[in-house]
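One structure is given here, and the rest of the page talks about it.
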Amino acid sequence: EAGVTQFPSHSVIEKGQTVTLRCDPISGHDNLYWYRRVMGKEIKFLLHFVKESKQDESGMPNNRFLAERTGGTYSTLKVQPAELEDSGVYFCASSQADRGPYGYTFGSGTRLTIV
Amino acid sequence: AQSVTQLGSHVSVSEGALVLLRCNYSSSVPPYLFWYVQYPNQGLQLLLKYTSAATLVKGINGFEAEFKKSETSFHLTKPSAHMSDAAEYFCAASNTGFQKLVFGTGTRLLVSP
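Residue numbers (the numbering used here), protein chains in the order written: chain A, 9 to 123; chain B, 1374 to 1486.
See the structure below:
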């Protein structure tokens, strides 16, 4: 079984530019989560999709962040315009419909650096 | 709101020594508790999880954790450290098992020969 795939693995962009992160969940996993770890801090929840619907987006920091999951498959997280404080590692996780965090599989993350 | 505290951002042990990584949670209702490990350049890997079935939970790679409700703790232990255990360890909690995870700040385990 293929795992959760995230790309790019690393991205370095200038402040003010736009970046799009992608997450491919495990096939058949309805739940898709985004988390972020800013350097030295804890990993924080951003949002949760169930299929293509946003179940919980309480962790999204501001309206510069836009997450989509078209067709309930892969998801993208766009940051526009990027600010210095957006630097960090962005993790994606997926789980089956009735599993939630109990059955998470995490991707290896995207390290985003804003310069 | 649920919170998770990991004492010690760095823990150093010698190879063969006991590993003890501390985690405390704040909740009036015992949550679902998890320990994850992140090796360099890899994703988060589940070590073990507590779901109220047993207070002593055994995980992969010889790790185990004990849930102590009276102390609101879920400390991670391993009797004998290996060099390959060097990584960052995260404790996390979820109120229902279906909601989002709340993580601690992580503890980096350093293992010396």
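Backbone N, C-alpha and C fix where the C-beta goes; we use that ideal spot for every residue, glycine too.
Give a yes or no on whether the minimum CB-CB distance between residue i and chain A is below 8 Å.
i, result
"phenylalanine 1436 of chain B", "no"
"glutamine 1375 of chain B", "no"
"phenylalanine 1476 of chain B", "yes"
"glycine 1416 of chain B", "yes"
"leucine 1406 of chain B", "no"
"lysine 1473 of chain B", "yes"
Which same chain residues, not among the five before or five after residue i, have their C-beta less than 6 Å away from its C-beta?
i, result
"valine 1410 of chain B", "Gln1418, Leu1420, Ala1460 and Tyr1462"
"arginine 1481 of chain B", "His1383 and Glu1461"
"proline 33 of chain A", "Val12, Leu40 and Ser102"
"valine 46 of chain A", "Gly96"
"glycine 1432 of chain B", "Leu1420 and Leu1421"
"phenylalanine 1440 of chain B", "Tyr1423, Thr1428 and Phe1447"
"methionine 68 of chain A", "Leu54 and Leu55"
Please tell me whether residue i and residue j are closer than 8 Å, where the distance is taken between their beta carbons.
i, j, result
"glutamine 14 of chain A", "cysteine 100 of chain A", "yes"
"histidine 56 of chain A", "lysine 1473 of chain B", "yes"
"aspartate 132 of chain A", "leucine 120 of chain A", "Residue coverage of chain A in this structure runs from 9 to 123, which leaves residue 132 of chain A outside it and unanswerable."
"arginine 44 of chain A", "leucine 29 of chain A", "no"
"glutamate 91 of chain A", "isoleucine 122 of chain A", "yes"
"serine 1399 of chain B", "threonine 1445 of chain B", "yes"
"alanine 1454 of chain B", "tryptophan 1408 of chain B", "no"
"arginine 72 of chain A", "valine 58 of chain A", "no"
I'd like to know whether the C-beta of residue i is nearer than 8 Å to at least one C-beta of chain B.
i, result
"isoleucine 34 of chain A", "no"
"glutamate 50 of chain A", "yes"
"serine 116 of chain A", "yes"
"proline 98 of chain A", "The sequence as given places tyrosine at residue 98 of chain A; proline does not occur at that position. Cβ-Cβ to chain B under 8 Å: no for tyrosine 98 of chain A."
"phenylalanine 53 of chain A", "yes"
Can you give me the Cβ contacts of residue i inside the same chain, cut-off strictly under 7 Å, excluding the 5 residues immediately before and after it?
i, result
"threonine 1478 of chain B", "Gln1379 and Ser1382"
"threonine 78 of chain A", "Glu60"
"tyrosine 98 of chain A", "Leu29, Trp42, Arg44, Leu85, Gly117, Thr118 and Leu120"
"aspartate 64 of chain A", "Leu55 and His56"
Using a 10 Å radius around the Cβ and a threshold of 16 neighbouring Cβ atoms, would you call residue i buried or exposed?
i, result
"serine 83 of chain A", "buried"
"alanine 1465 of chain B", "buried"
"leucine 1483 of chain B", "exposed"
"serine 116 of chain A", "buried"
"leucine 1391 of chain B", "exposed"
"serine 1467 of chain B", "buried"
"aspartate 1458 of chain B", "buried"
Would you grab the beta carbon distance between residue i and residue j for me? Rounded to a whole angstrom, and I think it's under 8 Å.
i, j, result
"serine 1485 of chain B", "serine 1376 of chain B", "That belief does not hold up - the Cβ atoms of serine 1485 of chain B and serine 1376 of chain B are roughly 32 Å apart, past 8 Å."
"valine 27 of chain A", "serine 19 of chain A", "6 Å"
Once you ignore the five residues that flank residue i on each side, which residues in its own chain have a CB closer than 8 Å to its CB?
i, result
"serine 1387 of chain B", "Ala1454, Val1484, Ser1485 and Pro1486"
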